[in-house]
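Engineer: In terms of the working numbering, the sequence shown opens at residue 9 and continues consecutively. Backbone N, C-alpha and C fix where the C-beta goes; we use that ideal spot for every residue, glycine too.
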Amino acid sequence: MINYWKIATPSLLLFGEGKSAIIPEVIKDFGYSRPYVVIDPKVRTTKQGNDLQLILKEFNTEYFSNFSTNPTTKQVSELVQKLQLFKPDIIIGVGGGSTIDLSKTANLVYKNGGIIEDYLNGKKPNNHLLPMVFLPTT
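Put into structure tokens, the structure is as follows:
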């Protein structure tokens with residue numbers, strides 16, 4: 009038997025310039041109202057990051073950008089704690105692979121409990137993840 013990882017694809021992956029402008033429409037179409045945005049720290053300080061905050065001002069939105077290029081298990085745990093406090097109904101990831109990986113792993117732990125190391129050591133999730141929308145910047 010071959011041992012492998014199985015990862016589900018995101019609920020929605022938007023490509024193309026200016027796609028962040030339609031995020032409010034996407035959130036409403038899905039019936040959500042509490043987005044949690046995981047955004048690359050460098051992107052957050054750009055015009056795109058500022059524009060995104062303006063675009064999402066109609067929602068009760070929280071942001072997380074306290075992570076490195078290769079997110080650590082500590083950073084995953086920190087994001088999970090933020091998700092537990094905020095109780096979002098959708099996660100939006102803005103950035104490159106690190107942002108997307110961090111969003112998915114924190115979502116996994118948030119919805120299934122434990123710590124990320126449990127899943128790295130083979131624990132199987134029992135619950136579905138929150139919906140995720142990704143805006144790749146790389």
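List the whole-angstrom C-beta distance separating L137 from L116, where the pair is believed to meet the contact cut-off of C-beta under 8 Å.
Structural biologist: 6 Å
Engineer: Quick check on P43: does DSSP put it in helix, strand or coil?
Structural biologist: strand
Engineer: Assuming P144 is part of the beta strand (DSSP E), what are its boundary residues?
Structural biologist: Per DSSP, P144 belongs to the beta strand (DSSP E) from M140 to P144.
Engineer: Near Q56, what residues of its chain come up, given a Cβ to Cβ distance below 8 Å and the 5 sequence neighbours on each side ignored?
Structural biologist: Exclusion of the five residues before and after Q56 leaves S28, V102 and T145 as the residues of its chain whose Cβ lies within less than 8 Å of its Cβ.
Engineer: Quick one: using the 10 Å Cβ neighbour count with 16 as the cut-off for buried, is S76 buried or exposed?
Structural biologist: exposed
Engineer: In the DSSP output, what is N70 paired with across the bridge?
Structural biologist: One point to set straight first is that residue 70 is Glu, not Asn, in the sequence displayed. In the DSSP output, where bridge partners are listed per residue, E70 has Y44.
Engineer: Enumerate, from N- to C-terminal direction, the unbroken beta strand (DSSP E) stretches of 3 or more residues contained entirely within the segment 45-123.
Structural biologist: Every beta strand (DSSP E) stretch that sits fully inside the segment 45-123 and reaches 3 residues is listed by chain position as 70-72 and 98-103.
Engineer: Suppose you measure from the CA of N134 to the CA of N120; what does that come to, to the nearest Å?
Structural biologist: 6 Å
Engineer: Is L128 helix, strand or coil when you go by DSSP?
Structural biologist: Helix at L128.
Engineer: Do D97 and R42 come within 8 Å of each other at the CB atom, strictly closer than that value?
Structural biologist: Yes.
Engineer: In terms of residue numbering, what span does the alpha helix (DSSP H) encompassing I38 cover?
Structural biologist: Just to set this straight, residue 38 is Phe in the shown sequence, not Ile. Unbroken alpha helix (DSSP H) run through F38: I31 to F38.
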